[in-house]
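Structure first, then comments.
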Amino acid sequence: MGIRIITDSASDISQETAKEWGITVIPLKVRFGEEEFLDGVTMPYNKFYERLVESDELPKTSQIPPFEYGEEFRKAVEEGDNVICFTLSHAVSGCYQSACIAADEFEGKVHVVDTMQFCISQYIIVERAVRLRDAGMGFEELVSTIEEEKKKARVISVFDTLEYLKMGGRISSAAAFAGGVLSIKPVITIDNGVVNVVGKARGSRNGNNLLIQYINQHGGIDFDKPVCLAYTGLSDALLLKYKEDSKHIYQGDVDDIPIAHVGATIGTYAGPGAIACAYFHK
Numbered sequence: 013m014g015i016r017i018i019t020d021s022a023s024d025i026s027q028e029t030a031k032e033w034g035i036t037v038i039p040l041k042v043r044f045g046e047e048e049f050l051d052g053v054t055m056p057y058n059k060f061y062e063r064l065v066e067s068d069e070l071p072k073t074s075q076i077p078p079f080e081y082g083e084e085f086r087k088a089v090e091e092g093d094n095v096i097c098f099t100l101s102h103a104v105s106g107c108y109q110s111a112c113i114a115a116d117e118f119e120g121k122v123h124v125v126d127t128m129q130f131c132i133s134q135y136i137i138v139e140r141a142v143r144l145r146d147a148g149m150g151f152e153e154l155v156s157t158i159e160e161e162k163k164k165a166r167v168i169s170v171f172d173t174l175e176y177l178k179m180g181g182r183i184s185s186a187a188a189f190a191g192g193v194l195s196i197k198p199v200i201t202i203d204n205g206v207v208n209v210v211g212k213a214r215g216s217r218n219g220n221n222l223l224i225q226y227i228n229q230h231g232g233i234d235f236d237k238p239v240c241l242a243y244t245g246l247s248d249a250l251l252l253k254y255k256e257d258s259k260h261i262y263q264g265d266v267d268d269i270p271i272a273h274v275g276a277t278i279g280t281y282a283g284p285g286a287i288a289c290a291y292f293h294k
């Protein structure tokens, strides 16, 4: 009996990576006006950002309904597998509730993990589970291990602009205007499943420095577990600059750290030009 790992596209795990890992990524739906797309499937990330910067209104994303989870769960169980399903934080989406509703039908063969994260901090939790599964860990032990280890997942990011947070109603227009004039870059993490602004930096270099400081002040990186970097928009130039500035904290070698392109779920509010680092603290 195998272990089927399922997650959603808020993890920013590409369909190519999902195939490589042997997992299933269910896409969230993205709506621009009357047009609806599947995140990362019928709307590639580059196309999403092109539409985002041209649009006067933010797109809408919708949660995955129970029947879509149920279809994937049923397929796995009928093929003889148990299922571990990883969802983005229940505090920002109804996906966890949808998955739990669907799981009730399968009598303990499906375990739903509320990662309390999203974006690449969800990515690294799923990657950790993949590594443990591939190392031969059994279903019950894997569930117990990942439920405990997810508590050590962290993400820290610097946004290039406050404009998309303003458009999404996350900050006031006055705050966004002041940030633009002063070139203030918000430094953001996820606490208790929701976005938390932990600092503000004037300029990209100071933003990179705050990322490095945050990592050092919050336990450092456990390099025995997955680490991931990410960027939003059409260019990874800012992320590559961050990698160069911070290579000393990655044990002198950042070449093997995967880079994710952030999709619609987080990119809607981050806008282009954001960078992030996700890791497990020691």
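Remember, my numbering sits 12 above the position in the sequence shown when you count from 1.
Glycine included, every Cβ here is placed at the ideal spot set by N, Cα and C.
Is residue 164 closer than 7 Å to residue 260 when the C-beta atoms are compared?
-> no
Would you call the stretch 235–243 and the stretch 134–148 in contact, with 3 or more CB pairs under 8 Å?
-> yes
Candidates 162, 286, 231, of which the one nearest residue 204 by Cα | 162
Cβ-Cβ distance between residue 42 and residue 73 below 7 Å | yes
In whole angstroms, what separates the C-alpha of residue 225 from that of residue 210?
-> 12 Å
Which value, in whole angstroms, describes the spacing of the CA atoms of residue 104 and residue 269?
-> 27 Å
Quick one: grab the DSSP three-state call for residue 144.
-> helix
So what does DSSP say about residue 78, is it helix, strand or coil?
-> helix
Look at the alpha carbon of residue 153 and the alpha carbon of residue 67, and state the distance between them as a whole number of angstroms.
-> 47 Å
Label residue 249 either buried or exposed according to how many other C-beta atoms from any shown protein chain fall within 10 Å of its C-beta, with 16 as the threshold for buried.
-> exposed
So the beta strand (DSSP E) residue 127 belongs to, where does it begin and stop?
-> Note, residue 127: premise wrong, no beta strand (DSSP E); not H, not E.
For residue 98, is the classification buried or exposed, using 16 other Cβ atoms within 10 angstroms of its Cβ as the cut-off for buried?
-> buried
Give me the Cβ distance between residue 291 and residue 136, rounded to the nearest whole Å; I'm assuming they're in contact under 8 Å.
-> 7 Å
Go ahead and pull the three-state DSSP assignment for residue 98.
-> strand
Residues near residue 208 by beta carbon distance below 6 Å, same chain, minus five either side | 201
With distances taken between CB atoms, is the gap from residue 170 to residue 199 smaller than 7 Å?
-> yes
DSSP-derived helix/strand/coil call for residue 293 = strand
Have a look at the DSSP bridge pairing and note the partners of residue 2.
-> Since the first and last residues shown for the chain are 13 and 294, residue 2 lies out of range.
Determine the burial state of residue 115: buried for a count of at least 16 other Cβ atoms within 10 Å of its Cβ, exposed for fewer.
-> buried
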